[in-house]
Amino acid sequence: MQKQKIADWGNYPVVEAETVRFNQAEQLRVALGEPGEVIAYGNGRSYGDASLQKRVIMTRSFRSFLSFDSASGVVCCESGALLAELLEAFVPRGWFLPVSPGTKFVTLGGAVAADIHGKNHHGEGSFGAHVVSLEVMRADGSIVRCSREEYPEFFALTIGGMGLSGVILNVTLQLKAIESAWVRQQTIRASRLSELMDAFESFDEWTYSVAWVDTLAGGDALGRGMLMRGEHATVEQVQGHSTFSAASQRKLNVPFFLPNGLLNRGTMMAFNSVYYHQNQKPVKERLVHYESFFYPLDAIGNWNRIYGRRGFMQYQFVLPRVTGRVAVEAILKKIQASGLGSFLAVLKLFGEQESFISFPMAGYTLALDFPVCFEVFKLMKELDAMVADWGGRLYLAKDARMDEAMFAKTYPHADDFREAIALLNGGSTRFSSLLSNRLGIT
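So for the sequence shown, my numbering puts the first residue at 1357; every next one is plus one.
And the structure:
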């Protein structure tokens, strides 16, 4: 047990916490016997304060693979295993993650707690839809094995429950069969937001789709960007490539925090212009390794340091499909008027989902990265009102500043979740985070 300064991926906020590590369930049981609020901390890849508290349980050393059925593709692992470790072990055997976020350096437990989504939510749902069963340690040290058939309410509270039902020990997951490590990628350049959304609507039969949006382009070019969509390549489509070859090693690293302010409107406009104009063809198709399609930023080690020591915040919202077009355009105009810009803006299409406090709903989600500064807090408060008025909500795993009123207004099952967690813990707030305290969940 030791005290250290910790943060999540946005490097905001930074807190001093008492950290506890374990590699056996009994060690965790002893740790939970100590008084005080606690939350599990995986690999620190959520962006806000969802895994921060004065006392945290570090799960990375609890990461063994327990079983694998090569016929069905069902794997059971301890919660501290990284998605990267699953990919390394099972892609060569012809199996892939059913849902993958923008980074492979997420723990399995974190993926469940945040009910992460990927580029295929419109057709295949979130991560939790592919979880077969879980084992979770409660505050009293008891272990609950749960699934859709066994303790289904506890299972539902844990998937997307932000770690508030207990410490996830083991995850049994259904993997997806693939024929190669390659993806057939098609890139479509769109000169404005309406074109970009038309492309989403016209080709939603593709398994994977994601778009980069230039938040600094204005006028007729507002919302211009590039839509990337993909399918796992078959053996026949991989001619000339080794079927399950590994990707090239990471080539870049950011060894230290860059000066605050280096990412400004001028540098971002220059980058966006070069990125948008690099491909002159309206439609381009090629074969790419799964690493570059799913995890392009993982090729840059410690890329979060480019925002400086102040850190950055990601503002990710989802809006209903019926209002999405008008609302996204209005939000982009608001960002333009503020004089601020997002270095990274990613647009995706979600399908239907029903759960306690998982983020997705049928509609459009836009993720925006902003360096931390006073003006950004003011802008985000204004965006909150717009998102709420349009029937949307914010992603808890990316949030570091939403208030309780916004959460209650935009998450229809917030009260149900709060009551269920309180009942589960006998009125105690033993498992809590800075996020859950701020939002009035615990």
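Virtual Cβ for every residue (Gly too), placed ideally from N, Cα, C.
Inset, instruction - Assign Phe1418 to one of two classes, buried (16 or more other C-beta atoms within 10 Å of its C-beta) or exposed (fewer than that). - result: Counting Cβ neighbours within 10 Å, Phe1418 comes out buried, since at least 16 surround it.
Inset, instruction - Please report how far the alpha carbon of Thr1543 lies from the alpha carbon of Asp1759, in whole angstroms. - result: Taking the straight line joining both Cα atoms gives about 38 Å.
Legend entry - the stretch 1401-1414 touching the stretch 1363-1377, judged by at least three CB pairs closer than 8 Å: Yes, the stretch 1401-1414 touches the stretch 1363-1377.
Inset, instruction - Look up Leu1464 in the DSSP assignment and say whether it is helix, strand or coil. - result: Leu1464: helix per DSSP, three-state reduction.
Legend entry - beta strand (DSSP E) runs contained entirely in the stretch 1634-1686, provided each spans 3 or more residues: Unbroken beta strand (DSSP E) stretches of 3 residues or longer found wholly inside the stretch 1634-1686: 1639-1645 and 1668-1676, given in chain order.
Legend entry - Within the stretch 1466-1498, ranges of the alpha helix (DSSP H) (whole runs, at least 4 residues): Taking only runs of at least 4 residues, the alpha helix (DSSP H) segments lying wholly in the stretch 1466-1498 are 1477-1480.
Inset, instruction - Answer yes or no: do Ser1407 and Gly1519 have a C-beta to C-beta separation smaller than 8 Å? - result: Against a cut-off of 8 Å, the Cβ pair of Gly1519 and Ser1407 comes out as a contact.
Legend entry - Proximal residues to Leu1735 (C-beta, below 8 Å), its chain only, five neighbours per side dropped: Lys1690, Ile1691, Ser1694, Leu1696 and Phe1726.
Legend entry - Of the listed residues Ala1533, Val1487 and Lys1475, nearest to Cys1432 (C-alpha basis): Minimum Cα distance to Cys1432 is reached at Val1487.
Legend entry - Residues bridged to Val1539 (per DSSP): Answer is His1588 and Val1644.
Legend entry - Assumed close pair Val1674, Gly1617 - CB separation to whole angstroms, cut-off 8 Å: Contact between Val1674 and Gly1617 does not hold, since the beta-carbon distance rounds to 31 Å and is not under 8 Å.
Inset, instruction - State whether the stretch 1432-1451 contacts the stretch 1507-1527, with contact taken as three or more CB pairs (one from each stretch) at a distance under 8 Å. - result: These segments touch.
Legend entry - Residue span of the beta strand (DSSP E) that contains Lys1704, given as start and end: Start and end: Ala1701 to Phe1706.
Inset, instruction - Please list, in chain order, all residues of the same chain as Leu1791 whose beta carbon is under 6 Å from its beta carbon, the five residues on each side excluded. - result: For Leu1791, the CB contacts under 6 Å within the same chain, skipping 5 residues up- and downstream, are Asp1405 and Ala1406 in chain order.
Inset, instruction - Determine the direct distance from the alpha carbon of Arg1666 to that of Phe1318, and round the result to whole angstroms. - result: Since the displayed the chain opens at 1357 and closes at 1798, residue 1318 lies outside it and no answer follows.
Inset, instruction - Provide the residue(s) that pair with Asn1609 in DSSP beta bridges, ordered along the chain. - result: Answer is Gly1657.
Inset, instruction - Assign Val1448 to buried or exposed, taking buried as 16 or more other Cβ atoms, counted over all protein chains shown, within 10 Å of its Cβ. - result: Residue identity differs from the one stated: residue 1448 is Pro in this sequence, not Val. By the neighbour-count rule (16 or more Cβ atoms within 10 Å), Pro1448 is not buried but exposed.
Inset, instruction - Just confirm the distance between the C-beta atoms of Ala1567 and Leu1703, as a whole number of angstroms; I'd bet it's less than 8 Å. - result: The beta-carbon separation of Ala1567 and Leu1703, rounded to 4 Å, stays under the 8 Å limit for a contact.
Legend entry - C-alpha gap between Met1625 and Met1357, whole angstroms: Approximately 46 Å, taken between the alpha carbons.
Inset, instruction - Please go through the same chain and pick out, in chain order, the residues whose beta-carbon is closer than 6 Å to the beta-carbon of Val1876, but skip the five residues on each side of it. - result: This structure cannot speak to residue 1876, because the chain is shown only from 1357 to 1798.
Inset, instruction - Ignoring anything shorter than 4 residues or poking outside the stretch 1399-1446, list the alpha helix (DSSP H) runs there in chain order. - result: Segments of the alpha helix (DSSP H) lying fully in the stretch 1399-1446: 1439-1446.
Inset, instruction - State the DSSP-derived secondary structure class of Val1394, mapped to helix, strand or coil. - result: Val1394 falls in the strand class under three-state DSSP.
Inset, instruction - With a 10 Å radius around its C-beta and 16 neighbouring C-beta atoms as the bar for buried, classify Ser1598 as buried or exposed. - result: Flag for Ser1598 reads exposed.
Legend entry - Range of the contiguous alpha helix (DSSP H) that encloses Ser1558: For Ser1558, the uninterrupted alpha helix (DSSP H) run begins and ends at Leu1549 to Ser1558, by DSSP.
Inset, instruction - Starting from Pro1508, follow the beta strand (DSSP E) in both directions and report where the run begins and ends. - result: Pro1508 -> not in any beta strand (DSSP E); alpha helix (DSSP H) instead, spanning Pro1508 to Thr1514.
Inset, instruction - Report the residue from Ala1756, Lys1754 and Phe1763 whose alpha carbon sits nearest the alpha carbon of Gly1748. - result: Answer by Cα proximity: Phe1763.
Inset, instruction - Check whether the Cβ atoms of Phe1483 and Ala1467 lie closer than 8 Å to each other. - result: Contact: yes.
Legend entry - Assigned secondary structure, Phe1600 (DSSP; H/G/I helix, E/B strand, else coil): In this structure, Phe1600 counts as coil in the three-state DSSP scheme.
Inset, instruction - Specify, as a first and last residue, the run of the alpha helix (DSSP H) that Phe1715 falls within. - result: Here Phe1715 belongs to no alpha helix (DSSP H), and DSSP marks it neither H nor E.
Legend entry - Secondary structure of Val1527, DSSP reduced to three states: The answer is strand: DSSP assigns Val1527 an E or B state.
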